[in-house]
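For the sequence shown, counting from 1, position 65 maps to 64 in numbering that gives the first Met the number 0; every step adds exactly one.
Below is one structure; the comments refer to it alone.
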Amino acid sequence: MSDPFETLGLDPAQTALYSAVLRLHRATITDLALAMDGPVEKVGRQLDDLVKLGVIDEQSGEYLARHPAAALGRMIAERLDRLAEESRRIDSALGSIRSLIRDYDAGRDYQSGTFTVEMVNGADVLYESVVGLAVQSPPAELMTALPDERTMTDFARKFADTWIDAQKRELLAVHAIVPVSTLVLPGVRDQLTRLLDAGGKVRTLDRVPSWFMTAGSEVAGLPPFWGGNLPDHAYNFYLVRTPVVVGLLRTLFRELWARAVPLPWSGRRSEGMVQVLRLAAQGMCDDSIARQLGVSVRTVRARFADAMTELGAQSRFHAGVEAARRGWLR
């Protein structure tokens with residue numbers, strides 16, 4: 000086995016000499032050379048090293064041992080400080096690995112040829128593409144930012160039903176960020192409420208920087224010009240299939256989502272919550288409620304959970320009682 004004191008910077012010869020000084024407590028270089036059965040010159044060099052390490056003191060030609068707890072304790076503390084600093088450097092290096100991974104992904108994409116980019120035209124194709132991607136690997140986590148009033152108007156009038164249906168069928172898990180100014184547009188509130196009731200998530204910002212979307216971790220949608228609005232470019236956009244771009248857009252979306260706020264009415268009772276509470280009050284089980292409403296059992300349970308949170312209830316029964324007291328079930 001290796002000498003445990005080597006970790007502190009003492010080699011075996013120095014450790015043996017230190018033990019001799021401890022046993023003699025106070026000794027001259029000659030006394031120590033006799034105790035170690037070694038030449039005075041060599042023992043002198045080793046004593047100088049021990050003095051520099053701070054484990055013994057030299058006073059008027061004599062060498063005095065310092066208490067091991069104090070001498071070695073200081074060396075251990077210094078070693079721990081060095082280890083802590085090394086650990087901090089390692090943590091910093093681990094943090095830097097993320098940027099290296101991005102470089103690796105970029106290099107891999109570069110070597111594999113041109114990024115897989117597909118130009119898509121038309122609003123119908125846009126919304127159908129999202130559902131098509133979801134069908135391939137359900138449920139697809141859709142993150143999308145819709146920045147302008149014209150896009151939101153088109154969404155409410157023409158395309159919301161498709162996404163809501165896909166959300167109900169658990170093909171999509173929608174997370175959408177919209178400008179707060181669009182909430183007053185005709186039909187927008189109703190459609191967003193239906194999306195929430197189906198299990199989708201929506202938040203608002205004063206200003207959404209650009210349209211974009213990601214579908215899972217493999218596909219992203221981008222406008223021809225960053226900051227552009229979809230209708231202004233006749234709903235022309237790019238479908239990009241490269242991990243670097245998708246990862247960056249997912250990170251951007253999460254940053255925006257953290258700054259966004261829930262819909263102003265999302266904390267109030269929704270029709271979805273009321274529906275499940277009414278049917279449960281009639282004695283229907285989750286499976287029957289799901290069939291009655293045309294949604295999944297998971298959605299039914301999510302609505303019960305939302306109702307319990309909103310009503311401050313500890314159980315479904317308590318939620319039903321509280322909902323009746325507030326007049327929700329009339």
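C-beta: ideal position from N, C-alpha, C; glycine also.
Distance CB(residue i)-CB(residue j) smaller than 7 Å
i: residue 246; j: residue 236; result: no
i: residue 213; j: residue 238; result: no
i: residue 199; j: residue 173; result: yes
i: residue 20; j: residue 32; result: no
i: residue 144; j: residue 167; result: no
i: residue 169; j: residue 138; result: yes
i: residue 13; j: residue 45; result: yes
i: residue 218; j: residue 240; result: yes
i: residue 159; j: residue 190; result: yes
Neighbour-count burial assignment, residue i, 16 or more Cβ in a 10 Å radius
i: residue 254; result: exposed
i: residue 16; result: buried
i: residue 324; result: exposed
i: residue 162; result: buried
i: residue 201; result: buried
i: residue 303; result: buried
i: residue 330; result: Nothing can be reported for residue 330: it is not among the residues displayed for the chain, which extend from 0 to 329.
Through-space distance from residue j to residue i, alpha-carbon basis
i: residue 66; j: residue 96; result: 45 Å
i: residue 285; j: residue 274; result: 12 Å
i: residue 74; j: residue 313; result: 58 Å
i: residue 205; j: residue 260; result: 10 Å
i: residue 281; j: residue 322; result: 14 Å
i: residue 195; j: residue 88; result: 46 Å
i: residue 27; j: residue 86; result: 42 Å
i: residue 272; j: residue 327; result: 9 Å
Coarse secondary structure for residue i, derived from DSSP in three states
i: residue 272; result: helix
i: residue 143; result: strand
i: residue 309; result: helix
i: residue 299; result: helix
i: residue 294; result: coil
i: residue 168; result: coil
i: residue 244; result: helix
i: residue 26; result: strand
i: residue 0; result: For residue 0, the pLDDT reaches just 47, beneath the cut-off of 50, and the residue's location in the model is therefore unreliable, although a value from the coordinates is still provided. In the structure shown, residue 0 sits in coil (DSSP, three-state: anything other than H, G, I, E or B).
i: residue 77; result: helix
i: residue 212; result: strand
i: residue 37; result: coil
i: residue 45; result: helix
i: residue 56; result: strand
i: residue 261; result: strand
i: residue 69; result: helix
i: residue 11; result: helix
i: residue 84; result: helix
i: residue 182; result: helix
**Asked** Touch check for the region 151-162 and the region 183-192: three-plus C-beta pairs under 8 Å?
**Response** yes
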